[in-house]
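S.K.: Supplied in structure tokens, the structure appears directly below.
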Amino acid sequence: MQANTAKARRILYLKIKAPSADAAKLILSMIKNVSHLYKVFGGAKIRLLRNADDRAQFLQVIEYETDPSVESGRQKFASEPAMQNLVQAWRAMFPGTVDADIYEDVTEEP
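Just add 5 to wherever you are in the sequence shown, counting from 1, and you've got the numbering used here.
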């Protein structure tokens, strides 16, 4: 029996500046079309937020847990053709306006 290994918890933020506020449906459609890629993260929680003051600015939030070996190979994962195609698709739809950041929650648990 394998020992349970602690999961690395991460939060991925994709910041998207759309050409117009009408892009929400397009972005949601793209998220649905690539949802199979998010299954790599197992149990990922995905949300799309729109800036209340700038309705053409969106934030896709993906909260996930991953095996530490996958986390250490994140750069390798980012270089995979499927992931590169996904990023290229986002950037083709929204040229020069997609940024990605990965965070870890360091809030102390009660």
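We put the CB at the ideal spot given by N, CA and C, even for glycine.
Being a predicted model, the structure only gives us computed values, none of them experimental.
1. List the endpoints of the continuous beta strand (DSSP E) containing K20.
2. What do you reckon, are the CB atoms on L17 and A105 nearer than 8 Å?
3. Let me make sure I understand the geometry here. Which of I107, T112 and T102 has the alpha-carbon closest to that of A23?
4. By DSSP's criteria, R52 is part of a beta bridge. Which residues make up the other side?
5. Ends of the beta strand (DSSP E) at A105?
6. The alpha helix (DSSP H) spanning S34 covers which residue range?
7. Would the beta-carbon of A94 fall within 8 Å of that of A61?
8. Could you tell me the alpha carbon to alpha carbon distance between A11 and D72, rounded to whole angstroms?
M.R.: Taking the structure as given:
1. A13 to K22
2. yes
3. T102
4. V66
5. V103 to Y108
6. A29 to N38
7. no
8. 7 Å
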